[in-house]
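Novice: By this note's numbering, the letter at position 144 of the sequence shown is numbered 303, and the numbering carries on one by one without gaps.
Where is the CB? At the ideal position from N, CA and C, for every residue including glycine.
The structure presented is a predicted model; accordingly, all values stated were derived computationally and were not measured.
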Amino acid sequence: MNGNIHSIESFGTVDGPGIRYVIFTQGCLLRCQFCHNADTWKIGTGKQMSVDEIMQDVISYLPFIEASGGGITVSGGEPLLQLPFLIDLFKECKKIGIHTTIDSSGGCYSTAPQFQEQLHELLQYTDLILLDLKHIKRKKHISLTGMANDHILQFAKLLSEKQIPVWIRHVLVPTISDFDEDLHELGEFIATLQNVKKIEILPYHKLGVYKWEALGLEYPLADIEPPNEERVEHAYDILSRNVVFS
Numbered sequence: 160m161n162g163n164i165h166s167i168e169s170f171g172t173v174d175g176p177g178i179r180y181v182i183f184t185q186g187c188l189l190r191c192q193f194c195h196n197a198d199t200w201k202i203g204t205g206k207q208m209s210v211d212e213i214m215q216d217v218i219s220y221l222p223f224i225e226a227s228g229g230g231i232t233v234s235g236g237e238p239l240l241q242l243p244f245l246i247d248l249f250k251e252c253k254k255i256g257i258h259t260t261i262d263s264s265g266g267c268y269s270t271a272p273q274f275q276e277q278l279h280e281l282l283q284y285t286d287l288i289l290l291d292l293k294h295i296k297r298k299k300h301i302s303l304t305g306m307a308n309d310h311i312l313q314f315a316k317l318l319s320e321k322q323i324p325v326w327i328r329h330v331l332v333p334t335i336s337d338f339d340e341d342l343h344e345l346g347e348f349i350a351t352l353q354n355v356k357k358i359e360i361l362p363y364h365k366l367g368v369y370k371w372e373a374l375g376l377e378y379p380l381a382d383i384e385p386p387n388e389e390r391v392e393h394a395y396d397i398l399s400r401n402v403v404f405s
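1. Where E251 and M214 are concerned, what is the direct C-alpha to C-alpha distance, given to the nearest angstrom?
2. On the DSSP bridge assignment, give the partners of W326 in chain order.
3. With DSSP run on the structure shown, which of helix, strand or coil describes Y363?
4. Which class does G346 belong to by DSSP, given the choice of helix, strand or coil?
5. So, for I311: in the same chain, excluding its five sequence neighbours on each side, which residues have a beta-carbon less than 6 Å away from its beta-carbon?
6. Beta strand (DSSP E) containing F249: first to last residue?
7. For I257, I'd like the list of residues in its chain whose CB is within less than 6 Å of its CB, leaving aside the five on either flank, ordered along the chain.
8. What ranges does the alpha helix (DSSP H) occupy inside the segment 166-231, keeping only unbroken runs of at least 4 residues that lie completely in it?
9. As a quick exercise: from L248, L317, F314 and G305, pick the residue whose alpha carbon is nearest that of Y284.
10. Less than 8 Å between the beta carbons of I383 and V332, yes or no?
11. Have a look at H364 and L303 and give me their C-alpha separation to the nearest angstrom.
12. In terms of residues, what are the limits of the alpha helix (DSSP H) holding H294?
13. Grab me the residues of D309's own chain with a C-beta within less than 6 Å of its C-beta, minus the 5 sequence neighbours each way, in chain order.
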């Protein structure tokens, strides 16, 4: 089975526990205004890589991965656009005891029978999901990402029902996703989930602006500056206030 791959980072340290072998898949349905991987948006492009090819490379880093309590993380883009590839990859990882993680926005989550069948199979081999919740308000989510969030929240509830461990991630963008009212509502939603291991506030940054420019795109948040540390801590306090970590 082949996957459409954008790039690979062999020593990732921010996408799950320990040292991670991070695969960035190609293709995404969201168009987040703060996206730092806009070059991963186009579906069906990227480098074709087989599961065997990836596993041979992963194994060469296994001593470092195992010593750190790490594993493999598939990010993007949106990994769940390539379910059959993920299933085959994670099956092979489990054969040799590699911890498996998916970094997903849930943007392609669907109740279609085929998607559900493949997703449920994949979750059998998935140890952790980094779930990016961009905004709790539907209209604001549409404005920020180009898509509503109903199905994304539904995906979060499904993961809770199935007790799949998650780290909730929220990108804190001043004047867009950092209003206390919205953070309280998001925190109330997160508190209904029974599978939350960790909450991460990701401060908005401009490190991906050059990619927008290279693609000939106008960066929509050029006038917004990153939040300060105090504001990041304040947001974390709100989101985690009523959460019972599993």
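Specialist: The structure says:
1. 8 Å
2. Its beta-bridge partners are L289 and K357.
3. coil
4. helix
5. G265
6. Per DSSP, F249 belongs to no beta strand (DSSP E); it is in the alpha helix (DSSP H), L242 to K254.
7. Answer for I257: G230 and I231, listed in chain order.
8. Those alpha helix (DSSP H) runs which fall completely within the segment 166-231 and span 4+ residues are 210-219 and 221-227.
9. L248
10. Yes, Cβ-Cβ distance for I383 and V332 is below 8 Å.
11. 15 Å
12. Segment: none, H294 is in no alpha helix (DSSP H) and carries neither H nor E.
13. none
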